[in-house]
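Everything below concerns the one structure shown next.
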Amino acid sequence: LSQSIFMAGILVGNLMSGIMADRLGRLKVLTWSYLLLVVSGTCAAFALNFSAFCACRFLSGMAVSGASSSSVILNLEWLPIHAHPSLGLLLGLVPTLGQLSLAGMAYALPLWRHLQLLVSLPLFVTFLYSRFFVESALWHSSLGNLDLTLKALQRVAQINRKQKEGAKLSAELLQMSLQKGQAQPSMLQMLRSPALCQLFFCIIPLCFEINIYLAHVFFTIVDPPFYFLGFLATKSLGRKRTQTASLLLSGVFTVTCAMIPLDHIFLRITMAVIGKGCLVGSMNCLLMYMGELYPTVMRWEEKSGQKQQEQQMVPLQSS
């Protein structure tokens with residue numbers, strides 16, 4: 023029940039964080055999501071009854087969805103296109119390492135309250151560190167705030183030790199190169215654009231790659247090699263060929279696994295692991311498609327739509 027409430031929190035968090043990010047900015051949503059995650063996680067460790075624990079889990083789900091979506095969007099909007107494959111690789115490896123370390127921590131701390139505190143309290147450092155992040159310049163420019171866009175670009179230039187390039191920027195130069203005064207993002211814009219509609223309905227099915235074997239260490243260990251293979255394939259073959267090959271091979275190995283008799287357990291597990299690994303390799307391409315094909319004002323809408331579809335499919339996959 024608590025896990026279902028947590029998933030409901032993620033669904034509600036996607037709806038709320040998308041609206042708040044478009045109005046308040048990606049950085050504010052990220053910072054307050056970290057704070058909410060720390061507070062709700064700590065309160066869950068000290069919950070006196072099951073109802074209070076479920077309420078804290080619901081808030082934690084909202085915070086997780088806001089933090090994950092805003093961090094991905096910020097990275098996509100700040101990093102250059104050639105760095106997107108590396109970003110996808112890191113976003114795939116870090117959760118895998120977290121799952122492996124969580125198993126070790128759970129073994130060392132059998133009491134769930136101690137484990138909850140160990141996972142929640144370090145996020146307070148992340149909350150403090152996020153205060154030094156820079157808001158997305160693309161988000162500022164999409165609202166027509168050229169002064170804030172200029173400040174954000176100059177701040178990043180200072181961080182990258184490129185003060186000369188930052189000094190060359192001016193509001194007039196940005197006004198010439200950026201489209202000012204774009205409309206507020208809306209799902210109706212996607213429905214009015216045939217190209218965005220086609221892109222949305224092609225990408226949405228790729229989000230149903232929820233890993234039901236994630237609790238098993240064996241299925242988690244296999245992720246890093248396939249992330250590296252997907253990274254190399256993306257750099258050499260391109261996004262489209264890598265995505266097509268990953269999904270095709272995953273389907274072939276999945277169908278093969280279903281046709282193998284039940285008494286051949288090792289062979290079935292091998293086919294399932296390879297099929298899952300091919301899906302893992304396609305996540306890099308999915309991330310880059312989201313960052314490179316969608317306009318700035320629609321990027322968060324598309325990310326939230328993917329997350330909502332994932333959470334709505336959980337009951338069907340569980341049954």
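Each position in the sequence shown, counted from 1, maps to that position plus 22 in the working numbering. Beta carbons: idealized from backbone N, C-alpha and C, even for Gly.
Original post:
Roughly how many angstroms separate the alpha carbons of residue 203 and residue 48, rounded to a whole number?
Top reply: Residue confidence for residue 203 is low, a pLDDT of 46 falling below 50, so the modelled location carries little weight; the figure read from the coordinates is stated next. One C-alpha to the other measures close to 18 Å.
**OP:** Count the other C-beta atoms from every protein chain shown that fall within 10 angstroms of the C-beta of residue 293, then say buried if there are 16 or more, exposed otherwise.
**Re:** Taking every protein chain shown into account, the CB of residue 293 has 16 or more other CB atoms within 10 angstroms, so this residue is buried.
Original post:
Whose CA, out of 98, 118, 117 and 119, lies closest to the CA of residue 109?
Top reply: Closest option to residue 109, Cα to Cα, is 98.
**OP:** Could you pull the start and end residues of the alpha helix (DSSP H) that residue 136 belongs to?
**Re:** First-last of the alpha helix (DSSP H) with residue 136: 134 to 142.
Subject >> Rounded separation between residue 135 and residue 122 - CA only >> reply: Take the alpha-carbon of residue 135 and the one of residue 122: they are about 19 Å apart.
Original post:
Using the C-alpha atoms, what's the distance from residue 301 back to residue 247?
Top reply: Their backbone Cα atoms lie some 12 Å apart in a straight line.
**OP:** At 3 residues or longer, and completely inside the stretch 77 to 142: list those beta strand (DSSP E) runs for me, N to C.
**Re:** Entirely contained in the stretch 77 to 142, not one beta strand (DSSP E) run reaches 3 residues.
Original post:
Distance, Cα to Cα, residue 51 vs residue 281?
Top reply: Rounded to the nearest angstrom, the two C-alpha atoms are 47 Å apart.
**OP:** State the Cα-Cα distance for the pair residue 172 and residue 166, rounded to the nearest angstrom.
**Re:** For residue 172 and residue 166, the distance between alpha carbons rounds to 11 Å.
**OP:** Determine, using beta carbons only, whether residue 37 and residue 249 come nearer to each other than 8 Å.
**Re:** Against a cut-off of 8 Å, the Cβ pair of residue 249 and residue 37 comes out as no contact.
Original post:
With burial defined as no fewer than 16 other Cβ atoms inside 10 Å of the residue's Cβ, what is the status of residue 127: buried or exposed?
Top reply: With fewer than 16 Cβ atoms within 10 Å of its Cβ, residue 127 is classed as exposed.
Original post:
Just curious, the alpha helix (DSSP H) that residue 169 is in, first and last residue?
Top reply: Residue 169 -> alpha helix (DSSP H) spans 168 to 181.
Subject >> Own chain, CB closer than 6 Å to residue 307, minus 5 neighbours either side, in chain order >> reply: These residues qualify, in order along the chain: 261, 264 and 265.
**OP:** On a CA-only basis, which of 31, 155, 162 and 105 is nearest residue 178? Give me that one, please.
**Re:** Nearest to residue 178 by C-alpha distance, out of 31, 155, 162 and 105, is 155.
Original post:
Roughly how many whole angstroms lie between the Cα atoms of residue 46 and residue 107?
Top reply: So the alpha carbons of these two residues sit roughly 28 Å apart.
Subject >> Own chain partners of residue 275 with C-beta closer than 7 Å, once the 5 adjacent residues on each side are dropped >> reply: These residues qualify, in order along the chain: 293, 296, 297 and 300.
Original post:
Which value, in whole angstroms, describes the spacing of the CA atoms of residue 61 and residue 95?
Top reply: Looking at the backbone, the Cα of residue 61 and that of residue 95 are separated by about 24 Å.
Original post:
Taking just the CA atoms, how far does residue 27 sit from residue 124?
Top reply: Within the model, the alpha-carbon separation for residue 124 versus residue 27 is close to 21 Å.
Subject >> Under 8 Å between C-beta atoms of residue 138 and residue 30 >> reply: In this structure, the beta-carbon distance from residue 138 to residue 30 does not fall below 8 Å.
Original post:
In its own chain, which residues sit with a C-beta less than 7 Å from the C-beta of residue 75, not counting the 5 before and 5 after it?
Top reply: In chain order, 24, 66 and 69 place their CB closer than 7 Å to the CB of residue 75, counting only its own chain and leaving out the 5 sequence neighbours on each side.
Subject >> Beta carbon of residue 385 nearer than 8 Å to that of residue 268 >> reply: Given a span of 23 to 341 for the chain in the structure shown, any question on residue 385 remains unanswerable.
Subject >> Residue interval of the alpha helix (DSSP H) (run including residue 286) >> reply: Premise fails: residue 286 is in no alpha helix (DSSP H) and is neither H nor E.
Subject >> Span separating the alpha-carbon of residue 159 from that of residue 176 >> reply: Per the coordinates, the alpha-carbon of residue 159 lies some 10 Å from the alpha-carbon of residue 176.
Original post:
In whole angstroms, what separates the C-alpha of residue 35 from that of residue 181?
Top reply: Going by the C-alpha atoms only, they are around 32 Å apart.
Original post:
Taking C-alpha atoms, which residue in 71, 56, 91 and 277 lies nearest to residue 147?
Top reply: Cα-wise, what sits closest to residue 147 is 56.
**OP:** Ignore the nearest five residues each way along the sequence and tell me which others in residue 304's own chain have a CB closer than 8 Å to its CB.
**Re:** Cβ within range, chain order: 228, 231, 252, 264, 265, 268, 269 and 272.
**OP:** Out of 120, 130 and 141, point me to the one whose CA is closest to residue 82's CA.
**Re:** Taking each of 120, 130 and 141 in turn and checking the Cα distance to residue 82, the smallest one comes out for 141.
**OP:** Tell me whether residue 58 is buried or exposed, calling it buried when 16 or more other Cβ atoms sit within 10 Å of its Cβ.
**Re:** It counts as buried.
**OP:** Scan the stretch 237 to 276 and note each continuous alpha helix (DSSP H) run of 4 residues or more that stays entirely inside, going in chain order.
**Re:** Secondary structure in the stretch 237 to 276: the alpha helix (DSSP H) runs of 4 residues or longer, each lying completely within the stretch, are 239 to 243 and 245 to 259 in chain order.
**OP:** Provide the residue span of the alpha helix (DSSP H) that contains residue 153, from first to last.
**Re:** Note, residue 153: premise wrong, no alpha helix (DSSP H); not H, not E.
Original post:
Is the Cβ-Cβ distance between residue 101 and residue 309 less than 8 Å?
Top reply: Not in contact: residue 101 and residue 309 (Cβ atoms no closer than 8 Å).
**OP:** Taking only the alpha-carbon atoms, compute the straight-line gap between residue 79 and residue 143 and give it to the nearest angstrom.
**Re:** Answer to the nearest angstrom: the Cα atoms are 15 Å apart.
Subject >> residue 104 versus 258, 284, 291 and 277, residue with shortest Cα-Cα distance >> reply: Selection 258, 284, 291 and 277 evaluated against residue 104 yields 258 as nearest (Cα-Cα).
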